[in-house]
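Contents: one structure, followed by commentary.
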Amino acid sequence: NFKYREEVLDLSSRNLQLSSDNGDLSARLREQQESVQMLQKHLATVSKEQLEEGAAVQRLKEEKLQQQSVWLQQQEARLKEQQLLEKELISCKEKLSCQSQLEAELSSVMGKLLKVEEEKDLLQRDAKEQNHKVNSLQEEVERLRSELLVITQEKVSHAQEVLELHSKLSEAENQVVQLEANFQKLLKEEELHQELQETQEQASIT
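Taken in order, the sequence shown gives residues 1173 to 1378; the numbers are from my numbering.
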């Protein structure tokens, strides 16, 4: 009887320990699940920001293409105008007999040429600024992509840890069930042993 009682007490102690371990694993599992949820929210936020940045980059690219098209059209028009002005300049140079008129026409042509050059420089500066904006946004997109990759890797790592905790929790629950079955079996064996002992004692008294 003493031996059976010791085994029962030992199984009860192990049952309590496994129940405690089961509670700890459940708490860790809840913490990991909360961490995964936070990472998922962060991932959704970063993904949304990345989409917005991508849309902004696309808009700037489209604006840049449109401005380049307008700039090319303006350049073509100014080139034609410049060619016409150069022809006028040649024509003016040929009018040596009218010096005063030639000087006035030359001044007008040079003013127009200078204005064309200034407008050309302004358009080139605008194009450079747009290129700089697009490059800055592309760098930001790359940074967000790197951050998204790190968060995705962390999410995968946490997911693997959650799976391991699930496995350990399932194993602990199976052990608890097995110990409870063994405990019930020992109780039945002790009852049978007690009944057999009582029967033997009654037989010896008789």
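All residues carry an ideal CB built from backbone N, CA and C; glycine is no exception.
The model shown is predicted, which means the values in this text are computed figures rather than measured ones.
Should residue i go down as buried or exposed, given a rule of 16 or more other Cβ atoms within 10 Å for buried?
i       : result
Lys1286 : In the sequence as presented, Lys is not what sits at residue 1286; that position holds Leu. By the neighbour-count rule (16 or more Cβ atoms within 10 Å), Leu1286 is not buried but exposed.
Leu1188 : exposed
Leu1190 : buried
Val1322 : exposed
Val1281 : buried
I need the straight-line Cα distance from residue i to residue j, nearest angstrom please.
i       : j       : result
Gln1230 : Trp1243 : 19 Å
Gln1222 : Gln1204 : 26 Å
Leu1211 : Gln1240 : 42 Å
Ser1198 : Leu1337 : 8 Å
Gln1347 : Glu1179 : 16 Å
Glu1363 : Leu1341 : 33 Å
Glu1367 : Ala1353 : 21 Å
Glu1311 : Ala1249 : 35 Å
Glu1275 : Asp1293 : 27 Å
| field | Contact the stretch 1249–1260 vs the stretch 1197–1215: 3+ CB pairs below 8 Å | value | no
| Any 3 or more C-beta pairs closer than 8 Å across the stretch 1177–1186 and the stretch 1311–1318 | no
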